[in-house]
Amino acid sequence: MKTNPGRFFEDYTLGEVIRHAVPRTVGLGERALYHALYPARGALYSSDEFAKGVGLKASPLDDLVAFHTVFGKTVPDISLNAVANLGYAEGRWLLPVWPGDTLRSESEVIGLKETSSGATGVVWVRTRGINQHGDVVLEYVRWVMVRKRRREVVVPVHVPELASVVDPGALVVPEGLDFSCYDFGLAGEGHRWGDYAVGEVIDHVDAVTVEEAEHMLATRLWQNTAKVHFDVTQREDGKRLIYGGHVISLARSLSFNGLANAQMIVALNAGAHANPCFAGDTVRAWSEVLDRAETTVPSVGALRLRLVATRGKAGELRGGDGKYLPEVLLDLDYWALVPR
Amino acid sequence: MKTNPGRFFEDYTLGEVIRHAVPRTVGLGERALYHALYPARGALYSSDEFAKGVGLKASPLDDLVAFHTVFGKTVPDISLNAVANLGYAEGRWLLPVWPGDTLRSESEVIGLKETSSGATGVVWVRTRGINQHGDVVLEYVRWVMVRKRRREVVVPVHVPELASVVDPGALVVPEGLDFSCYDFGLAGEGHRWGDYAVGEVIDHVDAVTVEEAEHMLATRLWQNTAKVHFDVTQREDGKRLIYGGHVISLARSLSFNGLANAQMIVALNAGAHANPCFAGDTVRAWSEVLDRAETTVPSVGALRLRLVATRGKAGELRGGDGKYLPEVLLDLDYWALVPR
Amino acid sequence: MKTNPGRFFEDYTLGEVIRHAVPRTVGLGERALYHALYPARGALYSSDEFAKGVGLKASPLDDLVAFHTVFGKTVPDISLNAVANLGYAEGRWLLPVWPGDTLRSESEVIGLKETSSGATGVVWVRTRGINQHGDVVLEYVRWVMVRKRRREVVVPVHVPELASVVDPGALVVPEGLDFSCYDFGLAGEGHRWGDYAVGEVIDHVDAVTVEEAEHMLATRLWQNTAKVHFDVTQREDGKRLIYGGHVISLARSLSFNGLANAQMIVALNAGAHANPCFAGDTVRAWSEVLDRAETTVPSVGALRLRLVATRGKAGELRGGDGKYLPEVLLDLDYWALVPR
Numbered sequence: 001m002k003t004n005p006g007r008f009f010e011d012y013t014l015g016e017v018i019r020h021a022v023p024r025t026v027g028l029g030e031r032a033l034y035h036a037l038y039p040a041r042g043a044l045y046s047s048d049e050f051a052k053g054v055g056l057k058a059s060p061l062d063d064l065v066a067f068h069t070v071f072g073k074t075v076p077d078i079s080l081n082a083v084a085n086l087g088y089a090e091g092r093w094l095l096p097v098w099p100g101d102t103l104r105s106e107s108e109v110i111g112l113k114e115t116s117s118g119a120t121g122v123v124w125v126r127t128r129g130i131n132q133h134g135d136v137v138l139e140y141v142r143w144v145m146v147r148k149r150r151r152e153v154v155v156p157v158h159v160p161e162l163a164s165v166v167d168p169g170a171l172v173v174p175e176g177l178d179f180s181c182y183d184f185g186l187a188g189e190g191h192r193w194g195d196y197a198v199g200e201v202i203d204h205v206d207a208v209t210v211e212e213a214e215h216m217l218a219t220r221l222w223q224n225t226a227k228v229h230f231d232v233t234q235r236e237d238g239k240r241l242i243y244g245g246h247v248i249s250l251a252r253s254l255s256f257n258g259l260a261n262a263q264m265i266v267a268l269n270a271g272a273h274a275n276p277c278f279a280g281d282t283v284r285a286w287s288e289v290l291d292r293a294e295t296t297v298p299s300v301g302a303l304r305l306r307l308v309a310t311r312g313k314a315g316e317l318r319g320g321d322g323k324y325l326p327e328v329l330l331d332l333d334y335w336a337l338v339p340r
Numbered sequence: 001m002k003t004n005p006g007r008f009f010e011d012y013t014l015g016e017v018i019r020h021a022v023p024r025t026v027g028l029g030e031r032a033l034y035h036a037l038y039p040a041r042g043a044l045y046s047s048d049e050f051a052k053g054v055g056l057k058a059s060p061l062d063d064l065v066a067f068h069t070v071f072g073k074t075v076p077d078i079s080l081n082a083v084a085n086l087g088y089a090e091g092r093w094l095l096p097v098w099p100g101d102t103l104r105s106e107s108e109v110i111g112l113k114e115t116s117s118g119a120t121g122v123v124w125v126r127t128r129g130i131n132q133h134g135d136v137v138l139e140y141v142r143w144v145m146v147r148k149r150r151r152e153v154v155v156p157v158h159v160p161e162l163a164s165v166v167d168p169g170a171l172v173v174p175e176g177l178d179f180s181c182y183d184f185g186l187a188g189e190g191h192r193w194g195d196y197a198v199g200e201v202i203d204h205v206d207a208v209t210v211e212e213a214e215h216m217l218a219t220r221l222w223q224n225t226a227k228v229h230f231d232v233t234q235r236e237d238g239k240r241l242i243y244g245g246h247v248i249s250l251a252r253s254l255s256f257n258g259l260a261n262a263q264m265i266v267a268l269n270a271g272a273h274a275n276p277c278f279a280g281d282t283v284r285a286w287s288e289v290l291d292r293a294e295t296t297v298p299s300v301g302a303l304r305l306r307l308v309a310t311r312g313k314a315g316e317l318r319g320g321d322g323k324y325l326p327e328v329l330l331d332l333d334y335w336a337l338v339p340r
Numbered sequence: 001m002k003t004n005p006g007r008f009f010e011d012y013t014l015g016e017v018i019r020h021a022v023p024r025t026v027g028l029g030e031r032a033l034y035h036a037l038y039p040a041r042g043a044l045y046s047s048d049e050f051a052k053g054v055g056l057k058a059s060p061l062d063d064l065v066a067f068h069t070v071f072g073k074t075v076p077d078i079s080l081n082a083v084a085n086l087g088y089a090e091g092r093w094l095l096p097v098w099p100g101d102t103l104r105s106e107s108e109v110i111g112l113k114e115t116s117s118g119a120t121g122v123v124w125v126r127t128r129g130i131n132q133h134g135d136v137v138l139e140y141v142r143w144v145m146v147r148k149r150r151r152e153v154v155v156p157v158h159v160p161e162l163a164s165v166v167d168p169g170a171l172v173v174p175e176g177l178d179f180s181c182y183d184f185g186l187a188g189e190g191h192r193w194g195d196y197a198v199g200e201v202i203d204h205v206d207a208v209t210v211e212e213a214e215h216m217l218a219t220r221l222w223q224n225t226a227k228v229h230f231d232v233t234q235r236e237d238g239k240r241l242i243y244g245g246h247v248i249s250l251a252r253s254l255s256f257n258g259l260a261n262a263q264m265i266v267a268l269n270a271g272a273h274a275n276p277c278f279a280g281d282t283v284r285a286w287s288e289v290l291d292r293a294e295t296t297v298p299s300v301g302a303l304r305l306r307l308v309a310t311r312g313k314a315g316e317l318r319g320g321d322g323k324y325l326p327e328v329l330l331d332l333d334y335w336a337l338v339p340r
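Residue numbers (the working numbering), protein chains in the order written: chain S, 1 to 340; chain X, 1 to 340; chain B, 1 to 340.
See the structure below:
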């Protein structure tokens, strides 16, 4: 057979490194599309002048453009036969991605565990995005539940130990970044790092009702080939499941209203796609400040933020049973850089 | 509260200058998207070679890309609590916007007048789009009806005097523009400035049935954050109101068929969004030649054009009561540069 | 009348060359949009680094971006009053199109034949895409059925002789292209030219359910002005007919899965838009290997491929009556370059 059937659970070997196909040069076209697809307004990713004003050579591509591009490449090898995308951990952005950079991805299998049903298994991979100079721009751990081809195959169990949160000391501040001369007026809000209190909840107010064409344009742009996003015959209900990363970008962009100065994502601590999102859903977002930390640069602070995408009210997350409420779409835990 | 509640009528002060947030670098990505979103075919904005042939260094970004970008930045400060966008006047394009330019916006409050209801007021602003060199690329007056927070507040009345039409002597022909060697064949039509008669009505024939995804992509691209364009829960009828500027660009692009040589918009005399536009509407356009003028460059003439977007027939505008017919969406009055 | 009514059958003269309007500079914005509109994953058109690795100076624009751009320009002069797009032949890609190139089109009328009804006629044109240096980048023959204005006009008959397939000796391998160091891992599949057998059928597995906004964005991007693609009032059934080229690009992109190494299209032998495609259709694709040939470069082979877009099963094409099955949308016959 000439086509890719995807890997099944027993096709993964602990420690193997999978080099994913189709490198991608990203640039100003992708930047413009990102602004058309999401209500992104972060000044650092909107304006070369603003980026230069905080010490960068130009405006890099949005952190999530890097994430989606790197993630998309892994789909044919990791999640084509996945039943569920279970979680993220230990994500770090290590270098900005500049217009013209070419990205490829590699994933190392770091964990394997059959599920109790015997029909599926969980695969943990550490994925790295690598630019044309061979430098790692991004890395993260992701685990997915994958179908087994044959129930009877036994795979040795190895569950990796993962940090529940990226240590603030490990956050990488991009070279040159300096918020000393940060223009709060042009950035859109006056709130500094010190103005955010741990436990504070911010309702981002704005909402977007999602269309099929939009999420498919986005998902294709990241060269994510998972069939359920494009083909109505893949699910019994005839719906196209929206790529979870589309919801991440939507929520992150909506969070501008209240977090305009949380400019750069530098770490992904955890993430759950709590419920599926479909076209017609009206997506809102709210954030909770989970922690604050200093960085190696005095003018740059870090906020640990919980970002929740929801079809419901701000601040609500789990029901009495401890499970995510049905209107919660995303629960993301990340570190962002904020002017002090 | 960390989020932007928008300004209410009593929050404006006559003479104050509001510096709007989020500068934006625009480029070839935005140009490509403009051509995907609108049936734009003007040769000067489609081809670097054609632009060089008429004396420019390259193809600038479409005049309306500049307008929408500058306008979008004003929304969080001017029209977040607006009830209606009432009019435009004294708009002038002063410099081309080149790929790579970074635009920001400023608005000066030039008029304030409470409406008879006491619940709202009209705010007039003169908005300027400014590039990375500090040069004004575009300016226009716009007035909107904005909610009052508290009825009892009294705001001194000042109604600005506005020109009903931009004086042709004030039109700025871009430096170097020369239509002496204009290639009418490549431009798509042979009609010169002298071929258009005042009073002539042109039915632009073509039509577009509008989709939700398209107007949202466009409106986001301009970083326009007005909730009614994106969120179906904002109106009782569950419809998303299409950004008026989307209709302007649609109509202007459709007007290629008959006005292919009306290459550059140089002034906006007046404009009314006569009726709301929604997805599913089939938008047509017609133009009326209102005036003709010479410019400072002998090969370059100016036509004053009424551009009407409609769901109905060409040539029809107002009913017996003097009000816009319900199928009229836009009535725009502008000056364009045309080869003589 | 200032607007373009399009040409009717009797408006064409054998041997005349029509120089089409609106040159277009294409670049990285168009490339990004191509990746958002189609599930395109060919490494050579995705990555500058990959393209350099096979001897090119950078990643050119997708062969079909060139085709659609050149084709779109011909619509106002050739197919505005067309009843049907009947066929293609003798298509050859002669030069890569690089970001920043400006394309225009010319068509030579090479055949004319009235149909038996007397109400229409068939027009054959040889269209050439020309870049800013005056070099032909692409040429193909296309024939369309066009309405007559007046039945009584008699036009001399001339039916051109067309090759049923482009001779492999006439295929142009882009200067510098060398697949000796081809990275099959990054390309996504390990199949070489020699791994494909004549008669082999490949089901490309993936599918896309098409949306209105997507095909309109694409068709506008190519500045194709045919009314039926945009305006629901043009057909009695209220449907917008999808541009046939949109289906070509969809099918070609889907064919990555099984033909990831069929990197460059170099010739179009034949093509039929077997049935109309509408939004809501779920489009699949399958290919049949029709022939294999060597080229002037030892590391580069050519495959002649039948590419079929369908709403149905792979491998099925015609019914017992010899007619295309109703679920077949496209039957395209082309040559592609593949590493040996």
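Every residue gets a Cβ at the ideal spot worked out from N, C-alpha and C, and that includes glycine.
Practice task
Select from X:Cys181, X:Glu90, X:His35 and X:Arg92 the residue whose C-alpha is nearest the C-alpha of Pro298 (chain X).
Solution key: Comparing Cα positions, the closest option is X:Cys181.
Practice task
Along the beta strand (DSSP E) that carries Ala58 (chain X), what are the first and last residues, could you check?
Solution key: Element bounds for Ala58 (chain X): n/a, residue is neither H nor E.
Handout entry: Alpha-carbon to alpha-carbon, Glu30 (chain S) and Glu316 (chain X)
Key = Their backbone Cα atoms lie some 42 Å apart in a straight line.
Practice task
Taking Asn257 (chain X) as part of the alpha helix (DSSP H), name the residues at either end of that continuous run.
Solution key: Element bounds for Asn257 (chain X): Phe256 to Leu259.
Handout entry: Under 7 Å from the C-beta of Pro276 (chain S): neighbouring residues of chain B
Key = Correct list: empty, because the minimum Cβ distance to chain B is about 17 Å.
Problem - For Pro156 (chain X), three-class secondary structure by DSSP - result: Here Pro156 (chain X) carries a coil assignment [DSSP, helix/strand/coil].
Problem - Within-7 Å CB hit, Pro96 (chain B) to chain S - result: For Pro96 (chain B), not one C-beta of chain S is nearer than 7 Å to its own C-beta.
Practice task
From the DSSP output, in three-state form, read off Thr25 (chain S) for me.
Solution key: In the three-state scheme derived from DSSP, where H, G and I count as helix and E and B as strand, Thr25 (chain S) is classed as strand.
Exercise for the section: Leaving aside the five residues before and after Arg7 (chain X) along the sequence, list all residues of the same chain whose C-beta is less than 8 Å from its C-beta, in chain order. Expected result: The answer, listed in chain order, is Asp77, Ile78, Leu80, Asn81 and Val146.
Exercise for the section: Drop a sphere of 10 angstroms on the beta-carbon of Arg150 (chain B), count the other beta-carbons inside from all chains shown, and report buried for 16 or more, exposed for fewer. Expected result: Under a 10 Å Cβ-count criterion, Arg150 (chain B) is classified as exposed, with fewer than 16 other Cβ atoms of the shown protein chains found around its own Cβ.
Problem - Same chain, Cβ closer than 6 Å to Leu290 (chain X), five either side skipped, listed in chain order - result: Excluding positions up to five away in sequence, the list reads Arg304 and Arg306.
Handout entry: Inter-stretch contact (C-beta, 8 Å, three-pair minimum) for the region 330-337 of chain X and the region 215-227 of chain X
Key = Cβ pair count under 8 Å is below three, so no.
Exercise for the section: With Lys73 (chain S) as the anchor, note down where its alpha helix (DSSP H) starts and where it stops. Expected result: It spans Asp63 to Ile78 - the alpha helix (DSSP H) in which Lys73 (chain S) sits, taken as one unbroken run.
Exercise for the section: Could you have a look at Leu37 (chain X) and say whether DSSP puts it in helix, strand or coil? Expected result: Taken through DSSP and simplified to helix, strand or coil, Leu37 (chain X) comes out as helix.
Practice task
List the residues of chain S that Asp206 (chain B) touches, going by C-beta distances under 8 Å, in chain order.
Solution key: Under the 8 Å cutoff, chain S gives Thr225, Lys227, Phe230 and Asp231.
Practice task
Report the residues of the region 27-40 of chain X with a CB closer than 7 Å to any CB of chain S, ordered along the chain.
Solution key: When C-beta distances to chain S are compared with 7 Å, the residues of the region 27-40 of chain X below that value are Gly27, Leu28, Gly29, Glu30, Ala32 and Leu33, in chain order.
Exercise for the section: Measure the CB-CB distance between Ser287 (chain S) and Ser249 (chain S) and report whether it falls below 7 Å. Expected result: The answer is no: Cβ separation not under 7 Å.
Exercise for the section: Taking only the alpha-carbon atoms, compute the straight-line gap between Ala84 (chain S) and Ala279 (chain B) and give it to the nearest angstrom. Expected result: C-alpha separation (whole angstroms): 29 Å.
Exercise for the section: Classify His204 (chain B) as buried or exposed, calling it buried when 16 or more other Cβ atoms lie within 10 Å of its own Cβ. Expected result: Label assigned to His204 (chain B): buried.
Practice task
Quick one: using the 10 Å Cβ neighbour count with 16 as the cut-off for buried, is Ala197 (chain X) buried or exposed?
Solution key: Around the Cβ of Ala197 (chain X), a 10 Å sphere holds fewer than 16 other Cβ atoms; the residue is exposed.
Handout entry: Beta-carbon neighbours of Asn257 (chain B), restricted to chain S and to distances below 7 Å
Key = Thr3 and Asn4, listed in chain order.
Handout entry: Test: Ala262 (chain X) CB closer than 7 Å to a CB of chain B
Key = Not one chain B Cβ lies under 7 Å of Ala262 (chain X).
Problem - Residues, ordered as in the chain, of the region 43-55 of chain S that lie near chain X by beta-carbon distance below 7 Å - result: Listed by position, the residues of the region 43-55 of chain S near chain X (Cβ gap below 7 Å) are Ala43, Ser46, Ser47, Asp48, Glu49 and Phe50.
Exercise for the section: Report all residues from its chain with a CB closer than 7 Å to the CB of Ala274 (chain S); omit the five preceding and five following residues, and keep chain order. Expected result: Residues Tyr324, Val328, Leu329, Leu330 and Asp331 of the same chain have their beta carbon placed closer than 7 Å to that of Ala274 (chain S), with the five preceding and five following residues left out of the count.
Handout entry: Alpha carbon of Val22 (chain B) to alpha carbon of Ser59 (chain B), nearest angstrom
Key = About 25 Å.
Problem - Near-chain B residues of the region 123-140 of chain S - C-beta to any C-beta below 7 Å - result: From the region 123-140 of chain S, only Gln132 have a Cβ closer than 7 Å to chain B.
Exercise for the section: Decide if Glu106 (chain X) is buried, meaning its Cβ has at least 16 other Cβ atoms within 10 Å, or exposed. Expected result: Answer is buried; the Cβ neighbour count reaches 16.
Problem - Cα-Cα separation, Ala309 (chain X) to Asn257 (chain X) - result: Those two C-alpha atoms are separated by around 14 Å.
Handout entry: Euclidean distance between Cα positions of Ala43 (chain B) and Leu61 (chain B)
Key = Going from the Cα of Ala43 (chain B) to the Cα of Leu61 (chain B) covers about 12 Å.
Exercise for the section: Grab me the residues of Gln234 (chain B)'s own chain with a C-beta within less than 7 Å of its C-beta, minus the 5 sequence neighbours each way, in chain order. Expected result: Exclusion of the five residues before and after Gln234 (chain B) leaves Lys227 and Val228 as the residues of its chain whose Cβ lies within less than 7 Å of its Cβ.
Exercise for the section: For Val22 (chain B), return the contacting residues in chain X, with the cut-off set at a CB-CB distance below 9 Å. Expected result: Near Val22 (chain B) (Cβ distances below 9 Å), the residues of chain X are Arg41, Gly42, Ala43, Ser46, Ser47, Phe50, Leu186, Ala187, Gly188, Phe256 and Ala260.
Exercise for the section: Note down, one range per segment and in chain order, each alpha helix (DSSP H) of at least 4 residues found wholly within the region 87-117 of chain S. Expected result: DSSP runs (the alpha helix (DSSP H)) wholly in the region 87-117 of chain S: none.
Exercise for the section: Could you run through the region 162-175 of chain S and flag, in chain order, every residue whose CB is less than 9 Å away from some CB of chain X? Expected result: Those would be none; no residue qualifies.
Problem - Bounding residues of the alpha helix (DSSP H) (the contiguous stretch that carries Ala226 (chain X)) - result: Here Ala226 (chain X) belongs to no alpha helix (DSSP H), and DSSP marks it neither H nor E.
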